[in-house]
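Participant: Have a look at this one before I ask anything.
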Amino acid sequence: MTELAKVKAQFNKLYGDGTVSSFHAPGRVNLIGEHIDYNGGTVFPCALTLGTYGVARKRSDNLLRLASANIGGEPVAVSLDSIVYNKEYGWANYLLGVVVEFQKRGVPLSGLDVLIAGNVSSSAGLSSSASVELLMSVILNTMFDGKLSMVELVKLSQRAENQFVGVNCGIMDQFAVGMGKKDHAMLLNCATLEVQYIPIVLDKHRLVIGNTNSPRGLATSKYNERRAECEKAVELLHAKLDIKLLGDLTPEEFEANKQLITDETIRKRAQHVVYEIQRTKEAVEQLLRGNLEAFGNLMNDSHDSLANLYEVTGFVLDTMVALAREQTGVLGARMTGAGFGGCTVNLVEKEHVDTFIENVGRAYKEKTGITADFYIAGIGDGARQLD
Ligand code: GLA
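Take any residue in the sequence shown, note its place counting from 1, add 778, and you have its number in the working numbering.
Here is the structure:
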């Protein structure tokens, strides 16, 4: 039985037999350009083949029932007329936030039974939250004829996370999950949402994702702190420069004006952002030239900047990355996502992938006491209806 067939069978068991519609939304991995989206710069993520299935059926009343095959238990049941954030709802808040955004848009909704089932772990930093948001967006848009474009669904999903769930994320994750394309990464300008699809053809290499399986405890508070530090840097640079976001700044302008940022920590944050944007553009150029060694080196530089200047890595990520770089056949290794735990992404020669996983897994366990998970990344399509 396929994974989807299992989810459909589970749906029927939970809610009763009948016709259903089914959907899929991927997770994402960012290859380079980290902590750049909210600074209006350029990022380079791709959608994964891993992600979340959703099965849904309309109801004739006003009730929303939302269940997760991963969590189990009774569905969260809420009337469409009284949706409010409730900590107890856990994961279901991400879906409810999307429902509220559709209501604000005036899309007429009725009740709905939904079952979701994900194979991207919710603590891995592979955007399981954006995945379920886009899944719900596509479900509602399709089943209630919302007529919204995918980019609108992307923006609406980000708003749901910012306003309903209260996480101040940028646009990268929702964009990658909504707009992903099989075997391509997206060079995305986060200020304009202009996107260029770049083929990722890795005949002799693989992208290996390493999950540190370490809780990202500080992620939200530190994330918001970094955003505030970047805003402060812009404010200080404003004394001489007419910029709105750090992404507006070239490295030359930064070097000529960095003395305006008197606080050393804030200067380091800005330095990361300015040079990471440049690295991202260069990495894509190298990739297009087929120079994977250079691409891997830039991945390494990105991690080092996130560790030393932006300070969002920490012991487990630094350990996993250091161990990765010791292995034969590794071209580059870096953290991916918000940091403070979550995943690394590694560019590894195909024939060395098995020993890479074995060696890094063993040494990581010795050093941290934690068992890591590894996935060979398949690059998949964005959120969509299946049948
Ligand atoms: C999280 C956020 C994204 C982005 C990354 C860091 O994944 O959701 O918007 O800021 O962190 O690059």
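Every residue, glycine too, gets a C-beta built ideally from N, C-alpha and C.
Find out if the Cβ-Cβ distance for the pair residue 802, residue 1162 is shorter than 8 Å.
Facilitator: Yes, they are a contact pair.
Participant: Please list, in chain order, all residues of the same chain as residue 993 whose beta carbon is under 8 Å from its beta carbon, the five residues on each side excluded.
Facilitator: The answer, listed in chain order, is 901 and 1119.
Participant: Report all residues from its chain with a CB closer than 8 Å to the CB of residue 1025; omit the five preceding and five following residues, and keep chain order.
Facilitator: Around residue 1025: 814, 817, 818, 819, 820, 968, 969, 1051 and 1055.
Participant: Just the C-alpha distance for residue 831 and residue 790, rounded to the nearest angstrom, thanks.
Facilitator: The straight-line gap from Cα to Cα measures roughly 15 Å.
Participant: Taking all protein chains shown into account, decide if residue 779 is buried (16 or more other Cβ within 10 angstroms of its Cβ) or exposed.
Facilitator: Residue 779 comes out exposed.
Participant: Please classify residue 799: does DSSP put it in a helix, a strand, or coil?
Facilitator: Residue state, collapsed to three classes: strand.
Participant: If we ignore side chains and look at the alpha-carbon of each, how far apart do residue 1107 and residue 1131 end up?
Facilitator: Approximately 8 Å between the Cα atoms of the pair.
Participant: Work out the CA separation of residue 927 and residue 1126 for me, nearest whole Å.
Facilitator: Near 37 Å, if we compare the C-alpha coordinates of residue 927 and residue 1126.
Participant: Starting from residue 1029 and walking both ways along the alpha helix (DSSP H), at which residues does that stretch end?
Facilitator: Counting along the chain, the alpha helix (DSSP H) containing residue 1029 begins and ends at 1029-1035.
Participant: Give the secondary structure of residue 787 by DSSP, where H, G and I count as helix, E and B as strand, and everything else as coil.
Facilitator: In the structure shown, residue 787 sits in a helix (DSSP, three-state: H, G or I).
Participant: Where does residue 1069 fall in DSSP's three states?
Facilitator: Reduced to three states, the DSSP call for residue 1069 is coil.
Participant: Assess, as a yes-or-no matter, whether the segment 840-856 is touched by the segment 978-985 under the definition of 3 or more beta carbon pairs within less than 8 Å.
Facilitator: No, the segment 978-985 is not in contact with the segment 840-856.
Participant: If you draw a straight line from the C-alpha of residue 1077 to the C-alpha of residue 1058, how long is it?
Facilitator: Those two C-alpha atoms are separated by around 9 Å.
Participant: Need the endpoints of the beta strand (DSSP E) that residue 779 sits in, please.
Facilitator: First-last for residue 779: undefined, no H or E at that position.
Participant: Quick one: using the 10 Å Cβ neighbour count with 16 as the cut-off for buried, is residue 1092 buried or exposed?
Facilitator: Looking at its Cβ environment, which holds 16 or more other Cβ atoms inside 10 Å, residue 1092 is buried.
Participant: Since residue 824 is in the beta strand (DSSP E), which residue starts that stretch and which ends it?
Facilitator: Counting along the chain, the beta strand (DSSP E) containing residue 824 begins and ends at 823-836.
Participant: For the alpha helix (DSSP H) containing residue 875, name the first residue and the last one.
Facilitator: 870-882 is the extent of the alpha helix (DSSP H) around residue 875.
Participant: Can you check the segment 1108-1155 for any beta strand (DSSP E) of at least 3 residues that lies completely inside it and give the ranges in chain order?
Facilitator: Those beta strand (DSSP E) runs which fall completely within the segment 1108-1155 and span 3+ residues are 1108-1114, 1121-1127 and 1151-1154.
Participant: Please report the straight-line C-alpha distance between residue 1103 and residue 963, rounded to a whole angstrom.
Facilitator: Those two C-alpha atoms are separated by around 23 Å.
Participant: Out of curiosity, what's the CA-to-CA distance linking residue 943 and residue 999?
Facilitator: The alpha-carbon atoms of residue 943 and residue 999 are separated by roughly 14 Å.
Participant: State the start and end residues of the unbroken alpha helix (DSSP H) segment that holds residue 1011.
Facilitator: It spans 997-1015 - the alpha helix (DSSP H) in which residue 1011 sits, taken as one unbroken run.
Participant: On the three-state DSSP scale, how would you describe residue 857?
Facilitator: The answer is strand: DSSP assigns residue 857 an E or B state.
Participant: Report the three-state DSSP secondary structure of residue 846 (helix, strand or coil).
Facilitator: Strand.
Participant: Do three or more CB pairs link the segment 940-959 to the segment 1145-1160 at distances below 8 Å?
Facilitator: With the cut-off at 8 Å, the segment 940-959 and the segment 1145-1160 touch.
Participant: Assign residue 883 to one of two classes, buried (16 or more other C-beta atoms within 10 Å of its C-beta) or exposed (fewer than that).
Facilitator: It is exposed - the Cβ of residue 883 has fewer than 16 other Cβ atoms within 10 Å.
Participant: Which residue's Cα is closest to the Cα of residue 1143: 1095, 1153, 1129 and 1065?
Facilitator: For residue 1143, the nearest C-alpha among the options comes from 1095.
Participant: Quick test of the definition: if touching needs 3 or more C-beta pairs under 8 Å, does the segment 1072-1090 touch the segment 864-883?
Facilitator: Touching, no.
Participant: Determine whether the beta carbon atoms of residue 1113 and residue 1138 lie at a separation below 8 Å.
Facilitator: No, the Cβ-Cβ distance between residue 1113 and residue 1138 is not below 8 Å.
Participant: Is residue 1197 near the ligand GLA, in the sense that its beta carbon is under 7 Å from a heavy atom of that ligand?
Facilitator: Lying outside 779 to 1165, the shown extent of the chain, residue 1197 is not represented and no answer is given.
Participant: Could you tell me which of 885, 869 and 888 sits nearest to residue 721, measuring between CA atoms?
Facilitator: The chain is shown only over 779 to 1165; residue 721 falls outside these bounds and no answer can be derived.
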